[in-house]
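Position 11, counted from 1, in the sequence shown is what the numbering used here calls 470; the numbers after and before it change by one each time, with no gaps. Reviewing the structure listed below.
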Amino acid sequence: MGSENSDWKDNDIEFLQEQIKKRPLNRKRMMRRMIIVAVMAAVFGSVACLFFLLLEPIFNRMLYPEEAVTGVSYPEETETEEVTPEEMIVNEEEKAATEEQERIRQEVERLLRDKEQGA
C-alpha cells in the first residue's frame, strides 16, 4: 500500500505540473483595435471642438458681459473750414475795417443822442 501511494503521488504531481503559455499575438485583431482607438479619439476630439466652438460665445457673454458702448462722432471737415495764410491776412484786414466801422457808428449814434438831448 505504501508503494502504491508513492506511485500515485508521482503520477499526480506530473499531471498537475502545467506550463502556462502566453497567447500568441493576433496581429489582425491588434491592428483592428488600434484603428478603432484612433477613430474614437478623432471622433472625441471633433465633438469636443464642435461643442467648444458652439458654447464659447455663450461662456464669453456670461464671463465678460458687454458694457454700454457710446459712439464717438467726429464733425465732418469741409474745405471751407481750412484757412490759408493769405485768407488770414485778408480776414485780419476785414476785421480791422469792421472794428473801425463799428467805432464810427457808435460815435455817430452818440453825437445824435447828444444833439437830441440838447435840442
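For glycine and all other residues, C-beta sits at the position ideal for the given N, C-alpha and C.
>> At the level of alpha carbons, what is the spacing between Ile494 and Ala527?
In response: 52 Å
>> With H, G and I counted as helix, E and B as strand and the rest as coil, what does DSSP make of Ala497?
In response: In the structure shown, the three-state DSSP call for Ala497 is helix.
>> Could you give the first and the last residue of the continuous alpha helix (DSSP H) run that contains Arg572?
In response: Pro544 to Gly577
>> Output needed for Asn550: all residues of its chain with C-beta closer than 6 Å, excluding positions within five of it in sequence on either side, in chain order.
In response: Here the set comprises nothing.
> Where Arg564 and Val531 are concerned, what is the direct C-alpha to C-alpha distance, given to the nearest angstrom?
Replying inline: Roughly 46 Å between the two C-alpha positions.
> Where Met460 and Ile479 are concerned, what is the direct C-alpha to C-alpha distance, given to the nearest angstrom?
Replying inline: Low confidence applies to Met460: its pLDDT is 49, below 50, so where it sits in the model is not reliable, and the reading given next is rough at best. Rounded to the nearest angstrom, the two C-alpha atoms are 34 Å apart.
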